[in-house]
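Colleague: Our numbering numbers the first residue of the sequence shown as 4 and each following residue consecutively.
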Amino acid sequence: MEVLLDIIKVTIPALIVFLTVYYLQRSFYKNELARMRIRYRNDREDPILEQKIKAYERLSLLCERIRIEQLVIRLKSSDSTKKDLKMSMLIAIQQEIDHNVAQQIYVSHDLWDIVQLAANQTRSIIKNTADEIHSDDANEYIDAMLRKISELDFNPLDRALYAIREEVRAIS
4 MEVLLDIIKV TIPALIVFLT VYYLQRSFYK NELARMRIRY RNDREDPILE
54 QKIKAYERLS LLCERIRIEQ LVIRLKSSDS TKKDLKMSML IAIQQEIDHN
104 VAQQIYVSHD LWDIVQLAAN QTRSIIKNTA DEIHSDDANE YIDAMLRKIS
154 ELDFNPLDRA LYAIREEVRA IS
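(1) Counting only runs of 4+ residues fully inside the segment 27-90, write out the alpha helix (DSSP H) ranges in chain order.
(2) I'd like to know whether the C-beta atoms of R162 and Q106 end up nearer to each other than 8 Å.
(3) Take T132 as the anchor and find which of E154, D113, Q119 has the nearest alpha-carbon.
(4) On the criterion of 16 or more Cβ atoms from any shown chain inside 10 Å, does N142 qualify as buried, or is it exposed?
(5) Below 8 Å on the Cβ atoms is my contact criterion, and I expect V110 with L65 to pass it. Report the Cβ-Cβ distance as a whole number of Å.
(6) With burial defined as no fewer than 16 other Cβ atoms inside 10 Å of the residue's Cβ, what is the status of H89: buried or exposed?
(7) Would you identify the three-state DSSP class for D156, choosing helix, strand or coil?
(8) Which of the three DSSP states is assigned to D139 in this structure?
(9) Please state if the CB of I41 and the CB of I128 are separated by a distance shorter than 8 Å.
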């Protein structure tokens, strides 16, 4: 009986030490595994997230650069005619789209379609206004385009910018 009591006296403290070490190691490894997963996920996702943010920035800049008001400021010269200005604006819009076409890889298909639609509607305003104005005066043409934009319920480029902001909010 005494031998059994001696065995129990030695076993219980050893068992307590074993369970304490087991619990501490288990907690340590669990935390370390969680930390490694977070580090792995951050290392893997950061470059893609950074590229997506850059793509949204580029598309925002695209929308701003193809605004008729901005195009007129950049492209109108003192001797511009309606025809010259129209062609310059259409070419500038196409160049902006071509320059940013790779951004569609990083944004949703729907967002890219919205940006394309906004560019197409801007082109349409430029073309239709040129057809409606019979004078070759660039200033009359500009006034007519600005009037047409102000009469719209919504500016297509404003809608595209709103869609860009909403998609950025969704990923952040």
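Heads up, the beta-carbon is just placed ideally off N, CA and C, and yes, glycines get one too.
Modeller: On the basis of the supplied data:
(1) Segments of the alpha helix (DSSP H) lying fully in the segment 27-90: 71-78.
(2) Not a contact, by the Cβ cut-off of 8 Å.
(3) Checking every option, the nearest Cα to that of T132 belongs to E154.
(4) The residue in question, N142, is exposed, as its Cβ has fewer than 16 Cβ neighbours within 10 Å.
(5) Not really, about 11 Å apart at Cβ, beyond 8 Å.
(6) Per the sequence shown, the amino acid found at residue 89 is Lys instead of His. Per the 10 Å Cβ criterion, buried.
(7) For D156, the secondary structure class from DSSP, reduced to helix, strand or coil, is coil.
(8) Three-state DSSP puts D139 in coil, outside helix and strand.
(9) Not a contact, by the Cβ cut-off of 8 Å.
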